[in-house]
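Report on the following structure.
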Amino acid sequence: MAAQRDTADLLDSALRVREAARSATAGAAGADAVLAALAEVVEHDHASLTRWDPRRRRHTTLAGSYPEDATAYIETRLHRDPVFTVLRGPARGGLWLGDVPEELLAASPGFQDVLAPLGIEDGVAQCLFAADGRYVGMLNISVRGRRRTPGPARAVVTLLTESLAAAVASCEAPPAPEAGAAPRAERPGGLSPRELDVLAELTAGRTNRQIAERLYVTPRTVGTHVEHILAKLDVPNRAAAAARAAAWGITPAR
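Position one of the sequence shown corresponds to residue 139 (the working numbering), numbered consecutively onward.
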């Protein structure tokens, strides 16, 4: 029965990703909403959606949580990485890190110089193609440690690629900062958008079930987010996390 509930939760999460992607395609939401929904399908530490600019021959980040140097690599150098050649090949399937041959990882600057120093041991790089076959961008998901993504979640990511491609092709890229402007602030504690939502709810002293009802997810999913929040903030309990959030001025949206 537990496995059935897990499958039902995963399918519900997949539907939320598809709905977020449709909203982004229609211009009613941004890529951030898509990534936030995707966090319910694949638990991760970093993720990004990027759009390919054929004129400039580079990727542009629409939404993401990678550190600055990793983001720069994805945008300006990933398309020259040996792994990218495999991704753009005839199979056009996502490439999960645990399935990449050792010799390919050894030849990949993206893994050796960017992902490995971050402690990344799982995740996926997925090229996204429009209905007419055009390459439009990429989904990157990275997981620290040995939290291997279950097979059903991998299959769901593959099934969602058409919706993700439509969203990436339609989303407006964030404006480039003006010369001399301060760089965009990173999310507090390196938390994902959904983890920030959960953290905000903790400041109100709500239980996992109460938070789940407000965010339209399952209590089990909330529990997973709380675990990640405590680990990323290096705090011992929910009260300490809530105190950190209050110090940052983070409060529930409503």
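Just so you know, even glycine gets a beta-carbon here, dropped at the ideal spot from N, CA and C. All of these numbers come straight from a predicted model, not from anything done at the bench.
Here's the rule: buried if 16 or more other CB atoms are within 10 angstroms of the residue's CB, otherwise exposed. What is residue i?
| i | result |
| --- | --- |
| N375 | exposed |
| E206 | exposed |
| A384 | exposed |
| E213 | buried |
| Y86 | Residue coverage of the chain in this structure runs from 139 to 392, which leaves residue 86 outside it and unanswerable. |
| A319 | Here A319 scores only 47 on pLDDT, less than 50, and its place in the model should not be relied on; the value that follows carries that caveat. Exposed. |
| R154 | buried |
Please tell me whether residue i and residue j are closer than 9 Å, where the distance is taken between their beta carbons.
| i | j | result |
| --- | --- | --- |
| L235 | D260 | yes |
| T299 | L334 | no |
| G257 | R226 | no |
| A305 | L187 | yes |
| S301 | A210 | no |
| T341 | A380 | yes |
| R196 | G275 | no |
| R332 | A174 | yes |
| A350 | I388 | no |
Over what stretch of residues does the beta strand (DSSP E) that includes residue i continue unbroken?
| i | result |
| --- | --- |
| L329 | Per DSSP, L329 belongs to no beta strand (DSSP E) and is neither H nor E. |
| G261 | I258 to F267 |
Please state whether DSSP places residue i in a helix, a strand or coil.
| i | result |
| --- | --- |
| N278 | strand |
| A320 | For A320, the pLDDT reaches just 44, beneath the cut-off of 50, and the residue's location in the model is therefore unreliable, leaving the point undetermined. |
| I388 | coil |
| S246 | coil |
| Y354 | coil |
| D207 | helix |
| L298 | coil |
| R194 | coil |
| H363 | helix |
Would you grab the beta carbon distance between residue i and residue j for me? Rounded to a whole angstrom, and I think it's under 8 Å.
| i | j | result |
| --- | --- | --- |
| A307 | A268 | 6 Å |
| S151 | V172 | S151 to V172, Cβ: 12 Å. No contact. |
Note the first and the last residue of the continuous alpha helix (DSSP H) segment covering residue i.
| i | result |
| --- | --- |
| T163 | A140 to T163 |
| L173 | A169 to L176 |
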